[in-house]
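J.: Letter by letter, the sequence shown follows residues 1 to 450 of the numbering used here.
Heads up, the beta-carbon is just placed ideally off N, CA and C, and yes, glycines get one too.
Structure incoming, see below.
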Amino acid sequence: MSWVKSMRKWIGFLWMLSASIRAESLVDVCQAALKHDPTYQAARAEWAIQHHQYGLSRAAFFPTLNLTGLYGKVRMDSDTSTVHHSGHQQQWSMNLTQTLFDARAWNAWAQMTYQARQADAVLRASAQSILSRTAQHYFAVLMQHARLNILISEQRALFKHYQLAQQRFKAGLVTRITVLEAQSHYDIKRAQRFKAEAQLEDARHRLKAITGQTYTRLNGLGRSMPLVPPKPIEVQPWIDHALKYAPSIQALRLLQQSAKAGVLKAEAGHLPRVVLNGSITDLKQPVYSSANQTFSNIDSRTALASVGVTLPLLEGGRVRVDTQRAQALYHQSGFKQLEAIQQLSADVAQAVRGLSAGIQTIRANRQAVHSSQAALAANQAAYLAGTRTIVDVVNALATYSQTQQQYQLSRYEYLGIVLSLKALIGELRGEDIQVISQWLSQPIRFKKIH
């Protein structure tokens, strides 16, 4: 059972993810999710169930030994005299049964072997899925926080422009309309901020649902982060790797093999069952001799060895129906595997292309931030000089804020794609979470969830 040992080591590693990193790190959030998430816990329970079932299926090949004892009081009366006798009867027997040939039990054991290995693959897939889902929720909180901070900065800037418009109106440099426009833009941004605060709380609640904990501080991205393009850049090698190593596909392959063993088990219903039986019986009891009209005690020991053959001849069509059902399950498992292969191929291709596009998007958004910042500064200077209106400044500020949001979101989306691709090809490990966690070095504080 080498796969069981390796699976236990792998689970142990996930549960012992580095405790040296701060409690707000992605590593510890993923660790909390592994302990709390009911989907993963259900997968662990199913893993244990299947391996217990595997142990039960092996029991059919081992001998069974039973010991039976009997103790009682016996009263004996003579038909020809008035003599009576009473005594004690003692009996014990030991029975040994060993299956010599049972095709159904053999194929049932083969079926449970595949199901136990399938449970291993399902547990690996579940562990990688919970790591990926937790990271996505973690990044969602950070993205909403970045969006809220940008809106707050934009609101403050609009409030300053509103105050400036009031001052210029009092000085007779602008009309009342300019003040009302500045106030309108400020009020709109306040409403957007309140909505963003609610969205941030929703994201934090979703993270709490998967981890069972409320986090008041997380680690976000700093100014820089590595951008690693996929190698190779072609999509097909990634798809081939995923179809070979993805635990979800491995689980479906094992499901099909288990279904095939189920067909053989059902077909074996017509085959004979050969059993070796052995028994030893020791008996002590009183007996009456009619010849000399006396009572005496007898002590006997009997040993028996036999081979029994059971051949099913007629079972009301159960074997035929059971075989047809098993064949249908086998065909169904093949279709499920084909569907999963097609879906996985599409998802992997999308992730690989998304990774390459994400890097280019981050670089383009970073340049857009610099350009829009310069444009905003130019519009603000022109507004003070009287050559631009407050609307021009607000539009430039909106463009700058939008490029900031897109830049921050594209960075977290890139991290999400990195982990999603790892999970899709079956290569997401605790070490990958640790690497991403090291990139998240900027502490971010939150208010308590109400």
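1. Quick one: Cα of R325 to Cα of R206, how far?
2. Which of helix, strand or coil does DSSP assign to M225?
3. Excluding the 5 residues preceding and the 5 following L158 in the sequence, name in chain order all residues of the same chain whose CB lies nearer than 6 Å to its CB.
4. By the 10 Å Cβ neighbour count, where 16 or more other Cβ atoms means buried, how is Y412 classified, buried or exposed?
5. Within 10 Å of its beta-carbon, does S20 have 16 or more other beta-carbons around it, so buried, or fewer, so exposed?
6. On the criterion of 16 or more Cβ atoms from any shown chain inside 10 Å, does P247 qualify as buried, or is it exposed?
7. Return the Cβ separation of R301 and D282 in integer angstroms, given the expectation that the two are a contact with Cβ distance under 8 Å.
8. Quick check on the DSSP output: the alpha helix (DSSP H) that includes L264 runs from which residue to which?
9. Taking the alpha carbon of V263 as the point to measure from, which residue in A103, S437, L56, R223 has its own alpha carbon closest?
10. For a quick check, are the C-beta atoms of G354 and S410 less than 8 Å apart?
11. Evaluate R22 with the Cβ neighbour count: other Cβ atoms within 10 Å of its Cβ, from every protein chain shown; 16 or more gives buried, anything less gives exposed.
12. Expressed to the nearest angstrom, what Euclidean distance is found between the alpha-carbon atoms of A396 and I425?
13. Which value, in whole angstroms, describes the spacing of the CA atoms of V122 and M94?
14. Given 8 Å as the limit, is there contact between the segment 247–259 and the segment 363–381, that is, 3 or more CB pairs closer than that?
15. Is it buried or exposed for L344, if we count other Cβ within 10 angstroms and need 16 for buried?
16. For the beta strand (DSSP E) that R388 lies in, which residues bound it at each end?
17. Please confirm whether Q111 and Q50 have their CB atoms less than 8 Å apart.
18. Going by DSSP, what residue range makes up the alpha helix (DSSP H) through P38?
19. Three-state secondary structure (DSSP) at A196?
20. Three or more C-beta pairs closer than 8 Å, one from the segment 199–218 and one from the segment 161–177: is that the case here?
21. On the criterion of 16 or more Cβ atoms from any shown chain inside 10 Å, does Q257 qualify as buried, or is it exposed?
22. Could you tell me the distance, in whole angstroms, from the CA atom of A165 to the CA atom of Y400?
23. For R124, report the span of its beta strand (DSSP E) as first-last.
24. Check each candidate in A171, L428, A423, E154 and name the one with the smallest Cα separation from Q405.
25. I'd like to confirm the pairing. Which residues does DSSP put opposite Y412 in its beta bridges?
26. Select from V275, G386, W109 the residue whose C-alpha is nearest the C-alpha of P63.
27. For L67, does the three-state DSSP call read helix, strand or coil?
28. Given that a residue counts as buried once 16 or more other Cβ atoms are within 10 Å of its Cβ, and exposed if not, what is E315?
29. Does S184 come out as helix, strand or coil in the three-state DSSP assignment?
30. Determine the closest residue to A59 out of W106, T68, V394, G69, with distance taken between C-alpha atoms.
31. Per DSSP, which residues does L451 bridge with? Please list them.
32. So, for T68: in the same chain, excluding its five sequence neighbours on each side, which residues have a beta-carbon less than 7 Å away from its beta-carbon?
33. The alpha helix (DSSP H) that contains Q451, what's its start and end?
34. Terminal residues of the continuous beta strand (DSSP E) containing Q442?
35. Pull the bridge partners of R318 from the DSSP assignment, please.
36. In chain order, what residues of the same chain lie with their CB nearer than 6 Å to the CB of L65, ignoring the 5 residues before and after it?
T.: Well, looking at it:
1. Along the sequence shown, read from residue 1 onward, the residue named residue 325 stands at position 325. Along the sequence shown, read from residue 1 onward, the residue named residue 206 stands at position 206. Whole-angstrom Cα-Cα distance: 42 Å.
2. The count along the sequence shown starts at 1 and reaches residue 225 at position 225. Correct three-state label for M225: coil.
3. The count along the sequence shown starts at 1 and reaches residue 158 at position 158. If we look at L158 and ignore the five residues flanking it on each side, its Cβ neighbours are H185, Y186, K189.
4. The residue labelled residue 412 in the question sits at position 412 within the sequence shown. Burial call: buried.
5. Along the sequence shown, one-based indexing puts residue 20 at 20. Unreliable positioning characterises S20 in this predicted model, as indicated by a pLDDT of 39, which lies under 50. The coordinate reading is nonetheless provided below. Answer is exposed; the Cβ neighbour count stays below 16.
6. Indexing the sequence shown from 1 puts residue 247 at position 247. Buried, because 16 or more other Cβ atoms sit within 10 Å of the Cβ of P247.
7. Stepping through the sequence shown from its first residue, residue 301 is reached at position 301. Stepping through the sequence shown from its first residue, residue 282 is reached at position 282. Right, their Cβ atoms sit about 5 Å apart.
8. Walking along the sequence shown from the start, residue 264 turns up at place 264. Looking at the DSSP string, the run of the alpha helix (DSSP H) that includes L264 is 247–267.
9. One-based indexing of the sequence shown puts residue 263 at position 263. Selected option, being the one with the closest Cα: A103.
10. The residue labelled residue 354 in the question sits at position 354 within the sequence shown. The residue labelled residue 410 in the question sits at position 410 within the sequence shown. The answer is no: Cβ separation not under 8 Å.
11. As a position in the sequence shown, residue 22 is number 22, starting the count at 1. Bear in mind that a pLDDT of 47 at R22, under 50, signals an unreliable position, so the number given afterwards is only what the model happens to contain. Looking at its Cβ environment, which holds fewer than 16 other Cβ atoms inside 10 Å, R22 is exposed.
12. As a first step, residue 396 must be located in the sequence shown, where it is residue number 396. As a first step, residue 425 must be located in the sequence shown, where it is residue number 425. Spanning the two alpha carbons is a distance of roughly 43 Å.
13. Indexing the sequence shown from 1 puts residue 122 at position 122. Indexing the sequence shown from 1 puts residue 94 at position 94. Going from the Cα of V122 to the Cα of M94 covers about 44 Å.
14. no
15. Taking the sequence shown and counting its residues from 1, the one referred to as residue 344 is at position 344. L344 is buried by the Cβ-count criterion.
16. As a working note, residue 388 is residue 388 in the sequence shown. Unbroken run through R388: none, as it is neither H nor E.
17. By 1-based counting over the sequence shown, the position of residue 111 is 111. By 1-based counting over the sequence shown, the position of residue 50 is 50. Against a cut-off of 8 Å, the Cβ pair of Q50 and Q111 comes out as no contact.
18. On the sequence shown, position 38 is the one that residue 38 refers to. Per DSSP, P38 belongs to the alpha helix (DSSP H) from 38–58.
19. Translated into the one-based positions of the sequence shown, residue 196 becomes position 196. Looking at A196 - three-state DSSP - the assignment turns out to be helix.
20. no
21. On the sequence shown, residue 257 is found 257 positions in, with the first residue counted as 1. Per the 10 Å Cβ criterion, buried.
22. Along the sequence shown, one-based indexing puts residue 165 at 165. Along the sequence shown, one-based indexing puts residue 400 at 400. Cα to Cα, the separation comes out at about 21 Å.
23. Walking along the sequence shown from the start, residue 124 turns up at place 124. It is not in any beta strand (DSSP E) - R124 instead sits in the alpha helix (DSSP H) that spans 103–170.
24. On the sequence shown, residue 405 is found 405 positions in, with the first residue counted as 1. Minimum Cα distance to Q405 is reached at E154.
25. As a first step, residue 412 is located in the sequence shown; it is residue number 412 there, counting from the start. Its beta-bridge partners do not exist; DSSP assigns none.
26. The residue given as residue 63 occupies position 63 in the sequence shown. Considering only alpha carbons, the answer is V275.
27. Working through the sequence shown from its first residue, we reach residue 67 at position 67. Correct three-state label for L67: strand.
28. Within the sequence shown, numbered from 1, the residue matching residue 315 stands at position 315. Classification for E315: exposed.
29. The sequence position of residue 184 within the sequence shown is 184, counting from 1. Helix, per DSSP.
30. The residue given as residue 59 occupies position 59 in the sequence shown. Checking every option, the nearest Cα to that of A59 belongs to W106.
31. Since the displayed the chain opens at 1 and closes at 450, residue 451 lies outside it and no answer follows.
32. Position 68 of the sequence shown, counted from the start, is the residue given in the question as residue 68. So the qualifying residues of the chain are W92, S93.
33. Since the first residue shown for the chain is 1 and the last is 450, residue 451 is missing from the structure and cannot be characterised.
34. Reading the sequence shown from its first residue, position 442 is the one you call residue 442. First-last of the beta strand (DSSP E) with Q442: 442–445.
35. In the sequence shown, residue 318 corresponds to position 318, counting from 1. Beta-bridge pairing links R318 to no other residue.
36. Position 65 of the sequence shown holds residue 65. L96, listed in sequence order.
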